[in-house]
Each structure stands twice: as structure tokens, then as C-alpha cells.
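Trainee:
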Amino acid sequence: MTTPTAAFGARTVFRIGYGALQLERLHDRRDEAVALLRHAVELGVDHVDTAEFYGFGFANHVIRKALRPQDDVLVVTKVGADPDPGGRPPLRLAQRPEQLRASVEDNLRSLGVDRLAVVNLRRLDTGPGLRPEGDQVVGLDDQLAVMTALRDEGKIGAIGLSGVSLDNLRRALPAGVVCVQNAYSLVSRDDEDMLRLCAAEGIAWVPFFPLGGAFPGLPKATDEPAVRAVAESLGVTRAQVALAWLLHHAPNVLLIPGTADRAHLEANIAVGGITLDAAALATLDAVGSRSAETPSG
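In the numbering used here, the protein residues as written are 6 to 302.
1. Taking its Cβ as the centre, do 16 or more other Cβ atoms sit within 10 Å of F220, making it buried, or is it exposed?
2. Taking the alpha carbon of T288 as the reference point, which residue from V81, E103, W250 has its own alpha carbon closest?
3. By DSSP, does R16 sit in helix, in strand, or in coil?
4. By alpha-carbon positions, which one of R194, E206, L239 ends up nearest to K225?
5. Can you tell me which of the three DSSP states T7 falls into?
6. Ignore the nearest five residues each way along the sequence and tell me which others in D140's own chain have a CB closer than 7 Å to its CB.
7. What is the DSSP secondary structure of L252, reduced to helix, strand or coil?
8. From T280, E158, H44, L149, pick the residue whose C-alpha is nearest to that of R176; which is it?
9. Please classify H66: is it buried, with 16 or more other beta-carbons within 10 angstroms of its beta-carbon, or exposed?
10. Exposed or buried, what is A15 when buried is set at 16 or more other beta-carbons lying within 10 Å of its beta-carbon?
11. How far does the alpha helix (DSSP H) with S108 in it reach, from first residue to last?
12. Measuring CB to CB, does R156 end up less than 9 Å from G165?
13. How many angstroms separate the CA atom of A205 from the CA atom of V46?
14. Could you tell me how far apart the beta carbons of S170 and K83 are, in whole angstroms, since I believe they sit closer than 8 Å?
15. Run the proximity test for K225: is its beta-carbon closer than 8 Å to any non-hydrogen atom belonging to the ligand SAM?
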């Protein structure tokens with residue numbers, strides 16, 4: 006297997022980070038949420054993924070309280086959507102340049118920092134879920150202009166992209182892209198060409214929905230007979246096998262599985278120690294890939 010660390014821009018991080026979305030489940034148990042994130046750091050996590058719309062700012066509040074400067078944790082946030090309490094889903098798109106700038110300012114305040122290390126521009130070109138409509142259909146060049154301006158101002162350290170198409174990634178390369186977050190899993194590998202481009206360009210590939218099954222009716226990696234067979238042979242869970250496959254598949258893959266449960270957190274971190282031999286990899290590679298696209302409505 007590849008090493009347990011990989012490049013993320015100018016940093017080297019442990020390949021298994023933590024996605025803060027699930028912290029929202031501990032909204033009424035704030036101290037427990039802080040303790041969970043502290044435990045992740047104790048286990049070696051040095052890359053945390055968040056957004057202002059995760060729990061309407063709750064995730065960022067927990068990160069601000071739990072992390073200390075000496076932890077040297079890379080906190081990556083995203084813009085392109087804002088919280089929308091009461092909405093379905095509870096977020097609204099915020100793709101216009103002035104909205105991207107406002108979202109950066111919101112993250113700076115809620116995280117209590119003067120500079121955001123990495124900010125992902127959530128483009129929504131591809132993958133399951135919402136699509137921009139009306140005044141939210143904004144050209145990539147206009148978005149990159151404000152993102153690079155924010156970087157020049159020192160408010161952003163580096164720029165990433167999320168939900169991006171291959172063509173738009175190519176167009177964005179001159180702006181300096183350190184990571185791409187797209188829906189990607191064993192059972193949804195439409196972005197294989199983009200993954201290869203990222204590997205060639207030294208860009209971290211940080212898949213969301215790494216187990217598939219983002220919405221009802223979409224395939225789940227854990228339902229695959231091949232995943233079940235490999236898990237049984239190794240004495241690990243099916244989810245661990247599906248995550249381990251991602252780490253084995255390409256050296257620039259970084260994982261950000263989220264959880265609100267301490268035991269589940271430990272199981273996720275343990276994936277870094279799972280070795281898949283050639284036979285197991287061949288079995289898993291043979292699993293058919295099915296698109297993660299769903300109707301945007």
C-alpha cells in the first residue's frame with residue numbers, strides 16, 4: 006500500500022482526515038462533539054474538512070473550541086452555499102462572487118482565524134444533488150477572480166474545487182488548485198480521468214460520498230458481494246474495505262469520513278493500516294461503476 010501520508014498543497018498530511026458534517030448530530034451535546042474532535046487529533050488526524058453551513062455554524066464552532074495552534078491541523082472549508090435554516094435542503098446556493106466573499110468572511114469569523122488555509126469553491130457542475138439556476142449560474146472565471154483576490158489579500162491560503170467538471174478543472178489549473186472534492190467511490194468512478202489529472206498535477210483528491218449511496222436508489226459500495234467477501238477474508242467491516250480501496254487506488258487520495266461516534270471514528274482511522282493484496286484489489290477493481298448522477302430536483 007502507499008504511505009499513510011500524502012501531499013496537500015504545501016503540506017503533508019495523514020491520508021485519513023475527518024469530515025465535520027456529522028458533528029451536527031451532537032448539537033445538543035457540545036462537549037461531546039469537542040471531545041470527539043480532540044480524540045481524532047489524538048489518533049493522528051491533521052486534516053479536518055468543514056463548512057459554515059454544517060449545522061448552521063455548529064461544526065465551525067466545535068473546531069474553533071477543540072483545535073489548538075500546536076495541533077497544526079489543516080482546516081479546509083468551502084464556499085458556494087450558505088446555511089438556510091428551515092430550507093429543504095437546509096442550505097441555499099451562494100455562487101455569485103460577492104456571495105463567495107461574504108462566505109469567506111463568515112468562515113473567518115466562525116473559525117476565529119485571520120486566514121483560511123484552504124477554501125474549496127463548491128461549483129456543483131457534477132455529482133448528485135443541487136444544480137445552480139437563475140442568477141446562481143456563474144462563470145468559473147468570475148468565481149476564480151474573487152477567490153484569487155481573496156488569496157492575494159491573505160484571507161485564503163490556497164484554493165480547491167468541489168463538484169467540478171473535468172473541463173472546468175483544466176480551466177482552473179493556472180489559478181493554482183491544491184485539491185478537488187468530487188463524489189467518488191468504488192461504485193461511482195465516472196471521474197477517473199480527473200483523478201489521473203489530479204495525480205499528474207500534484208492535486209489532492211478528496212472524495213465525498215466515498216461509500217456511494219448518497220441518495221436513495223444510488224448504489225452503495227457496502228452492498229457489493231465483492232466488498233463483503235474481502236471484508237470477511239480480512240476480518241474487517243465492509244465500509245473499511247471500501248475506504249481502503251480508495252487509498253490503494255491512487256496515491257493522491259485523502260479521505261475525510263465523518264462520524265459522531267467514537268468507535269466509528271476509530272474504525273475509520275484504522276483503515277490506514279489495512280493492506281489489500283493483489284487478489285483483493287483485482288476483486289474490488291472488477292466491481293462495476295455506476296454513475297452518481299441524480300435529478301437535481
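Beta carbons are placed, not taken as given, at the ideal position from N, Cα and C, and that holds for glycine. Please read all numbers here as calculations on a predicted model, not as lab measurements.
Mentor: This is what the structure holds:
1. F220 comes out exposed.
2. It is W250.
3. Reduced to three states, the DSSP call for R16 is strand.
4. Among R194, E206, L239, the Cα nearest to that of K225 is on R194.
5. For T7, the predicted structure reports a pLDDT of 46, less than 50, and the residue's modelled location is therefore unreliable. The matter cannot be settled from this model.
6. Taking C-beta separations shorter than 7 Å and ignoring five residues to either side along the sequence, the partners of D140 in its chain run R101, following chain order.
7. Here L252 carries a helix assignment [DSSP, helix/strand/coil].
8. Nearest of T280, E158, H44, L149 to R176, Cα basis: L149.
9. Buried, since its Cβ has 16 or more Cβ neighbours within 10 Å.
10. The residue in question, A15, is exposed, as its Cβ has fewer than 16 Cβ neighbours within 10 Å.
11. Here the alpha helix (DSSP H) through S108 covers 102 to 116.
12. Contact flag unset, no.
13. Spanning the alpha carbons of A205 and V46 requires a straight line of approximately 30 Å.
14. S170 to K83, Cβ: 17 Å. No contact.
15. In the structure on display, the ligand SAM does not appear, and there are no ligands present to speak of.
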